[in-house]
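Structure first, commentary second.
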Amino acid sequence: MFEPDAVLERIGQGLLEALDASRVLDSSEIRQFFDPANLKERYEDWVATLLHHTGELDRRKLFRTMKHCTVECESEVISIRPTDHQEGEGWAGQSDIRVVQISRHATAEEVGRAISLAVSRCNG
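End of the sequence shown sits at 343 in the working numbering; the numbers just go up one at a time, nothing left out.
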């Protein structure tokens, strides 16, 4: 997690490190990973971490101004997809025209700029 005024290079480096640490699930892991109880537990842990990190006590206030993007890396291209905040804790994807793409080999600062652009395209 980064503070709102974090340097773009640090934000980009965070994403590059997350991508380096990511992996494809083995077929034997898929059922457990997507088990609804496990998904709910991981989500609630994530929310608790956000509440603690921000010092926010009200879950609704935490999500009210939150921006959300999804990220995937395929064929050495990072795609950052902005979303529309629907209400509460819900987001919906946008059309592909708003997706920001950048090379997996870009510098951390360039990746940080791409993240900033994608976040600026989020609605809600």
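Just so it is clear, CB atoms sit at the ideal spot from N, CA and C, and this is done for glycine as well.
*asked:* Quick check on TRP265: buried or exposed, where buried means 16 or more other Cβ atoms within 10 Å of its Cβ?
replied: exposed
*Thinking LEU336 and VAL318 are a contact (beta carbons under 8 Å), I'd like their distance in whole angstroms, please.*
The pair is not a contact, with the Cβ atoms about 10 Å apart (cut-off 8 Å).
*Three-state class that DSSP yields for VAL318 in the structure shown*: coil
*In terms of residue numbering, what span does the beta strand (DSSP E) encompassing ALA311 cover?*
Per DSSP, ALA311 belongs to the beta strand (DSSP E) from 309 to 312.
*What is the DSSP secondary structure of ARG300, counted as helix, strand or coil?*
Correct three-state label for ARG300: strand.
_GLU260 versus ILE321 - alpha carbon distance_ = Our two residues, GLU260 and ILE321, have alpha carbons roughly 32 Å apart in a direct line.
_Tell me which residue opens and which closes the beta strand (DSSP E) that GLU329 is part of._
Per DSSP, GLU329 belongs to no beta strand (DSSP E); it is in the alpha helix (DSSP H), 327 to 339.
_Alpha-carbon spacing of VAL226 relative to GLY233, whole angstroms_ = 11 Å
*Leaving out the 5 sequence neighbours to the left and right, which residues in its chain are closer than 7 Å to ALA311 when beta-carbon positions are compared?*
Closer than 7 Å at Cβ, skipping near neighbours: THR302, ASP303 and GLN305.
*Measuring CB to CB, does CYS292 end up less than 7 Å from LEU238?*
yes
*Beta-carbon proximity list for ASN342, same chain, < 6 Å, skipping 5 on both sides*: So the list reads ASP303, once near-sequence residues are dropped.
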